[in-house]
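**Student:** The structure that follows is given in the form of C-alpha cells.
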Amino acid sequence: MNKRIFLSPPFVDNKERLEVEAAFDSGYVAPCGPKVDLFELELAKLSGRKYAVAVSGATAALELIFAHLKVDKTWIAIVPTLTFIATVSPASRLGAEPWFVDCDSTGNVDLKLLEKALADAAKTGRKILFIAVDLFGRCCDYDRLEKLCRKYKAKFVCDSAEAVGATFGARPSGSAGIAAVYSFNGNKLITTSGGGAVLTDDKKLADHVKKLSQQSREKALWYEHKEIGYNFRMSNLLAAVGLAQLSKMGKILKAKKSVREFYGRCAEGKRLEFLPKVEGENNWLTIMLLKNCRERDRLIKLFEADNVETRPVWKPMHLQKVFNGCRVYGGNVSENLFSRGVCLASGAGLTKTELKRIAKVIDKFAAERK
Ligand SMILES: Cc1ncc(COP(=O)(O)O)c(C=O)c1O
C-alpha cells in the first residue's frame, strides 16, 4: 500500500524539536513561561493587534471572548452557515440562539443576506453577536463587515482559525472585529500540535480572557476566585513549537501556493473548477469543485484507493441535526458548494513523488468522465 498522503499535515522538522528541548531545559514545563510570552508578542505583531493571548485552541479562544462579553440565552449569534462547527459551538453552548447566513460564491458570508439578518435581529431588541469566518484561509471583507456591525450595534468577532498568514488588502488576518482568533491545530497553516490565540486591541478584553483561561485566579497568595473560569492556557512547550513554526511561515505560505498552482496545472483542459481565488488567501487548502455530489464522491473514492486523504467541503451548519429548526438566511449557495466541493491534499511538504501520485488520480478521474 502506498504511504498515506494527509490532507494538511504539520510541516515540522528538527527546528521544533530543538525549541521544545530548549523550553524543557529552561524549566518552564507548564502553561506559562517565556516561550508563551514571546509567542504572544509575535502573534500580536503578525495580526497587527496590540494584544494576543495564547490558549489551548481556537474553540477555547472563542468561548473565552464570549464569556468576557457575557453571551447567554438573551443573545442572537449570527454565523455564516458554511463553516466548521467550532465557529458556532462556543456561543451556542453559552445559550445564544444561532441564526445562519449563506455564503457567496467565494465561500465567505453573503453581505446582503447578512445585512437582512442583522436588521431583523436589531428589531428584536436583543443583543447581537456576529461571528465572521475567514473560510479556508481567505479573509472576508473586514471593512464592510465592521461597518455593518457598527450600523446594527452587533458585537463583531472574527474566526480566523484557518487564515493565519492571510491578508485582506493591507490588513492581516486576525485584525478584524473587537477580537479575532487563530487556530494552531495540527492541520492548520502553522501548528503547536493543538492551540489557538485571542487577538485584540482591547486591553480589558485581553486581560480578562487571560485571567479566565487560568481558572480566574485573583492576585493573592492563596487561590482566590470571584468568578468561574477555565483551564485553557497554552503550555510553554507548545508555544516553543509555535515559535519555530512562525519562523518558517513564509516558506509554508510559498509551498501552499505552489501546491495550489500544481492543482491548477493538473486541471488544465479537464473542465475542473476551483473555489474562486481571493486576494491575499493563504492557500491553506485547495478546493476543487465538481459537477455534482456523485462526481465529488467518485473523486474522493479514487484518491482513497491510492491512500490520499481528501474531504468534502464543510457541511453547512443549517443542515446539521444539532441545529435543526434554527433560522437560516438563504442556504442554496453553501449547499451547492458542499455537494460539489472537495478539499484536496494540500500539505506544504508534498514531495515530487506524492504530487505525481495525485496528478495520476486526477488524470484517471478525468479520463473516466469523458
Ligand atoms: C473555522 C474554524 N474555527 C474554529 C476551529 C477550531 O479550532 P481549534 O481546533 O484550534 O479549536 C477550526 C478548526 O479546527 C476551524 O476550521
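The sequence shown lines up with residues 1 to 370 when you count with this note's numbering. A virtual CB, placed ideally from N, CA and C, is assigned to each residue, including glycine.
1) Tell me which residues share the same chain as asparagine 283 and place their Cβ nearer than 6 Å to its Cβ, disregarding the 5 neighbours each side in the sequence.
2) Below 8 Å CB to CB, which residues in the same chain sit around lysine 203 once its five sequence neighbours on both sides are set aside?
3) Near leucine 302, which residues of its chain fall below 7 Å by C-beta distance, leaving aside the five closest residues on each side in sequence?
4) Have a look at alanine 367 and alanine 267 and give me their C-alpha separation to the nearest angstrom.
5) Verify the contact flag: glycine 185, CB atom, against every heavy atom of ligand 1, threshold strictly below 7 Å.
6) Just checking valine 133 against ligand 1 - is the residue's beta carbon closer than 7 Å to any of the ligand's heavy atoms?
7) Suppose the cutoff is 7 Å on Cβ atoms and the five residues either side in sequence are ignored; what does the same chain contact list for leucine 82 look like?
8) Please name the residue or residues paired with proline 373 in a DSSP beta bridge.
9) Does the distance between the C-beta of glycine 125 and the nearest non-hydrogen atom of ligand 1 fall short of 7 Å?
10) Please state whether DSSP places tyrosine 182 in a helix, a strand or coil.
11) Using 10 angstroms around the beta-carbon of glycine 250, count the other beta-carbons present and answer buried if the total reaches 16, otherwise exposed.
12) Tell me the DSSP secondary structure of tyrosine 329 in three-state form.
13) May I have the straight-line CA-CA distance separating cysteine 12 from leucine 253, to the nearest angstrom?
14) Tell whether a beta-carbon distance below 8 Å holds between asparagine 185 and glycine 349.
15) According to DSSP, phenylalanine 156 sits in a beta bridge with which residue or residues?
16) Sort Tyr152, Glu162, Ala154, Thr124 by Cα distance to valine 133 and report the nearest one.
17) Would the beta-carbon of isoleucine 65 fall within 8 Å of that of alanine 179?
18) Less than 7 Å between C-beta atoms, sequence neighbours within five positions excluded: which residues of the same chain meet that for serine 235?
19) Which term fits leucine 199, buried or exposed, when burial requires 16 or more other beta carbons within 10 angstroms of its beta carbon?
20) Are the CB atoms of alanine 77 and alanine 91 within a distance shorter than 8 Å?
21) At a cut-off of 7 Å, would you count alanine 86 as near ligand 1, judging by its Cβ distance to the nearest heavy atom?
22) Find the nearest neighbour of glutamate 146 within the set Glu224, Lys123, Gly165, Ser175, judged by alpha-carbon distance.
23) Less than 6 Å between C-beta atoms, sequence neighbours within five positions excluded: which residues of the same chain meet that for glutamate 21?
24) Should glutamate 115 be listed as close to ligand 1, given that the test is whether its C-beta is under 7 Å from any heavy atom?
25) Roughly how many whole angstroms lie between the Cα atoms of alanine 23 and lysine 35?
26) Judging by CA-CA distance, which residue of Arg327, Glu304, Leu319, Gly325 is the nearest neighbour of alanine 345?
27) Relative to the C-alpha of tryptophan 99, which residue among Leu355, Val88, Arg93 is closest?
28) Nearest to arginine 311 by alpha carbon, out of Gly331, Val322, Ile287?
**Tutor:** So, to answer that:
1) Lys256, Lys257, Arg260
2) Lys50, Tyr51
3) Val361, Lys364, Phe365
4) 12 Å
5) First, the residue type needs correcting, since residue 185 is asparagine and not glycine in the sequence shown. Indeed, a heavy atom of ligand 1 lies less than 7 Å from the Cβ.
6) yes
7) Cys103, Gly107, Leu135, Trp314, Pro316, Ser334, Leu337
8) This structure cannot speak to residue 373, because the chain is shown only from 1 to 370.
9) no
10) strand
11) exposed
12) strand
13) Inspection of the sequence shows that residue 12 is occupied by valine rather than by cysteine. Approximately 14 Å, taken between the alpha carbons.
14) no
15) Phe130
16) Glu162
17) yes
18) Ala30, Pro31
19) buried
20) yes
21) yes
22) Ser175
23) none
24) no
25) 7 Å
26) Glu304
27) Val88
28) Ile287
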